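Engineer: Following this message is one structure expressed as structure tokens.
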Amino acid sequence: MTVRIGIIGTGAIGRDHARRIKQVLAGGRIVALTDVNRSLARAVRADIAPDAAIYATGEELIAAGDVDAVLVTSWGATHEQYVLASIAAGKPCFCEKPLATTAEGAKRIVEAETAFGRRLVQVGFMRRYDAGYVALKEAIARHTGAPILVHAAHRNPSVPEAYVTPMAIHDTLIHEIDVLRWLLDDDYVSARVHYPRNAARAHAKLRDPQVVVLETRKGVLIDVEIFVNCHYGYDIQCEIVGEDGIARLPEPMAIEMRLGAKLQNAILTDWKDRFVVAYDVELQDFLKAAAGGTAAGPSSWDGYVAAITSDACVAAQESAGAAVAITMPDKPSLYS
Ligand code: NAI
Ligand code: NAD
Ligand code: ISE
């Protein structure tokens, strides 16, 4: 069965996901587009999906009779309303991270999906589909022994002026919040945030870099450096220290060169390239499940847990280095 897809938000990632549905993946066809900036939706129709209808609002797109499943790739603050509307319509929905910008919002989604009684939502936590993270998870299970420490870094070359201090958590760290919990098969119990002096390239409304320290239920201590004006490249690092050894996330493939008396490897600069295959695999997983009227992969529950953790980290940004406790509610059986 070909799943007929509607996309809400045709900016950077909405456009890229449209490209992969058209050119890379099997089983999906884009039939509907909407964007508050209508010219972006028109451009995606012209370049990628010539037969797609353009709708004035996300709600109209979700209600359209020929839309089987929905991709929500608009700005984070708009996600909740479209995911709730998709659940109300009984349509599978792939929602980019964050599921909602607050834990309260994510909880409303979990409640709506639980009341519906079947999984309909997949959250865009693509790192769980990345071959490097999958290999790291296997290395922990088979070789390093039980984890004790995690050292991670999430570095972007630059961010626009609109990116302010809390976004380092709910826009950027949210990927580590999800993938480390999945890697360690654990949950968080507290968060702290520390700031060094501001980097010279940070904007007026952004503390950059920041170090977030998370503690887990099993007693693992995690430090994550978030540095979104690091200038030199897009760089994701993760090292697990276990009882018997250490495992590191592999670097992306790059040609090693000996040039001009230097030994060098290029470093990527764009998130679209760093996880390109993981995005392909996550969306193929979505199309496969959507063909059966359901969803798989990272769930609303994972989005909710990430939002609870992210709210605590934002509170910790304001707590002068003091720990903020994280309490998880009981998981509904739909997500077991
Ligand atoms: P963007 O700003 O390039 O694109 C967002 C688009 O959504 C814009 O074209 C905007 O006009 C449109 N839009 C916003 N509100 C809308 C609404 N209510 N209805 C229709 N259209 C609306 O942003 P970008 O970078 O594409 O990010 C979009 C989402 O994807 C965000 O949630 C972001 O966190 C997530 N994202 C995820 C990534 C990942 O690695 N999984 C990477 C980049 C973004
Ligand atoms: P973007 O600004 O390039 O695109 C967002 C688009 O949504 C814009 O075109 C905007 O006009 C449109 N939009 C906003 N509100 C809308 C609404 N209510 N209805 C219709 N259209 C609306 O942003 P982006 O970089 O593509 O990010 C979009 C989402 O994707 C964000 O949630 C972001 O966190 C997520 N994202 C995820 C990853 C990832 O690695 N998984 C990477 C980038 C972005
Ligand atoms: C962006 O929205 C993403 O999700 C990228 O993966 C992340 O590296 C970046 O910091 C976010 O702004």
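For the sequence shown, our numbering begins at 757 and goes up steadily by one. Yeah, the Cβ is synthetic: ideal placement off N, Cα and C, and Gly gets one too. Given the structure is predicted, the values throughout are model-derived calculations rather than measurements.
Determine the direct distance from the alpha carbon of V890 to that of R884, and round the result to whole angstroms.
Structural biologist: For this step, residue 884 is matched to residue 128 along the sequence shown. For this step, residue 890 is matched to residue 134 along the sequence shown. Between R884 and V890, the C-alpha separation is close to 7 Å.
Engineer: On the CB-based measure, 16 or more other CB atoms within 10 Å of its CB, does R874 come out buried or exposed?
Structural biologist: By 1-based counting over the sequence shown, the position of residue 874 is 118. By the 10 Å Cβ count, R874 comes out exposed.
Engineer: With 16 as the cutoff for other CB atoms within 10 Å, does D934 come out buried or exposed?
Structural biologist: For this step, residue 934 is matched to residue 178 along the sequence shown. Buried is the call here.
Engineer: Can you name the residues that DSSP bridges to V906?
Structural biologist: Stepping through the sequence shown from its first residue, residue 906 is reached at position 150. DSSP output for V906 lists I978 and I996 as bridge partner(s).
Engineer: What three-state label does DSSP hand C849 in the structure shown?
Structural biologist: In the sequence shown, the residue the question calls residue 849 occupies position 93. DSSP places C849 in strand when its eight states are reduced to three.
Engineer: If you measure between the beta carbons of L929 and V980, is that distance less than 9 Å?
Structural biologist: Position 173 of the sequence shown holds residue 929. Position 224 of the sequence shown holds residue 980. Yes, Cβ-Cβ distance for L929 and V980 is below 9 Å.
Engineer: Which residue marks the beginning of the alpha helix (DSSP H) containing L840, and which one marks its end?
Structural biologist: On the sequence shown, residue 840 is found 84 positions in, with the first residue counted as 1. It spans H835 to A844 - the alpha helix (DSSP H) in which L840 sits, taken as one unbroken run.
Engineer: Going by alpha carbons, who is nearest to A1063 out of G821, K863, A841 and A825?
Structural biologist: Residue numbering aside, residue 1063 sits at position 307 when the sequence shown is read from its first letter. With distances taken between Cα atoms, A1063 lies closest to K863.
Engineer: Could you tell me which of Q1040, I1082 and V997 sits nearest to A782, measuring between CA atoms?
Structural biologist: Within the sequence shown, numbered from 1, the residue matching residue 782 stands at position 26. Just measuring C-alpha positions, the residue of Q1040, I1082 and V997 sitting nearest A782 is Q1040.
Engineer: Who does T972 pair with in a DSSP beta bridge?
Structural biologist: Along the sequence shown, one-based indexing puts residue 972 at 216. DSSP, once it has assigned bridges, lists Y944 as partnering T972.
Engineer: Suppose only complete runs of 3+ residues qualify. What are the beta strand (DSSP E) ranges in the stretch 768-812, listed by chain order?
Structural biologist: 784-790
Engineer: For the beta strand (DSSP E) containing V828, name the first residue and the last one.
Structural biologist: As a first step, residue 828 must be located in the sequence shown, where it is residue number 72. It spans A825 to V828 - the beta strand (DSSP E) in which V828 sits, taken as one unbroken run.
Engineer: Does DSSP put L1015 in a helix, a strand or coil?
Structural biologist: For the purposes of this step, residue 1015 is taken as residue 259 along the sequence shown, with counting starting at 1. Correct three-state label for L1015: strand.
Engineer: How should G861 be labelled, buried or exposed, when 16 other C-beta atoms within 10 angstroms of its C-beta is the threshold for buried?
Structural biologist: Counting from 1 along the sequence shown, the entry for residue 861 is found at position 105. It counts as buried.
Engineer: In angstroms, rounded to a whole number, what distance separates the CA positions of S1092 and T829?
Structural biologist: Within the sequence shown, residue 1092 is the residue found at index 336, counting from 1. Within the sequence shown, residue 829 is the residue found at index 73, counting from 1. Computed Cα separation, rounded: 27 Å.
Engineer: Residues in the same chain with beta-carbon distance under 7 Å from R733, minus the five sequence neighbours each way, listed in chain order, please.
Structural biologist: Nothing about residue 733 can be reported from this structure: the residues present for the chain run from 757 to 1092 only.
Engineer: Assuming K853 and D824 are in contact, meaning their beta carbons sit under 8 Å apart, how far apart are those beta carbons, in whole angstroms?
Structural biologist: Against the sequence shown, residue 853 aligns to sequence position 97. Against the sequence shown, residue 824 aligns to sequence position 68. Between D824 and K853 the Cβ distance is about 23 Å, and since that is not below 8 Å, they are no contact.
Engineer: Is D1026 helix, strand or coil when you go by DSSP?
Structural biologist: Taking the first residue of the sequence shown as position 1, residue 1026 is located at position 270. D1026 falls in the coil class under three-state DSSP.
Engineer: Using a threshold of 8 Å, is the CB atom of F1031 nearer than that to any non-hydrogen atom of the ligand NAD?
Structural biologist: Position 275 of the sequence shown, counted from the first residue, corresponds to residue 1031. Correct: F1031 has its Cβ closer than 8 Å to the ligand NAD.
Engineer: Taking the C-alpha atoms as reference points, what is the distance between V780 and I761?
Structural biologist: Translated into positions along the sequence shown, residue 780 becomes position 24. Translated into positions along the sequence shown, residue 761 becomes position 5. Rounded to whole angstroms, V780 to I761 spans 15 Å at the Cα level.
Engineer: Are V879 and D1067 closer than 9 Å when you measure CB to CB?
Structural biologist: For the purposes of this step, residue 879 is identified with residue 123 of the sequence shown, where counting begins at 1. For the purposes of this step, residue 1067 is identified with residue 311 of the sequence shown, where counting begins at 1. Contact flag unset, no.
Engineer: Could you check what DSSP says for D991 in three-state terms: helix, strand or coil?
Structural biologist: Position 235 of the sequence shown, counting from 1, holds the residue named residue 991. Strand at D991.
Engineer: At the level of alpha carbons, what is the spacing between A841 and A820?
Structural biologist: In the sequence shown, counting from the first residue as 1, residue 841 sits at position 85. In the sequence shown, counting from the first residue as 1, residue 820 sits at position 64. Cα to Cα, A841 sits roughly 12 Å from A820.
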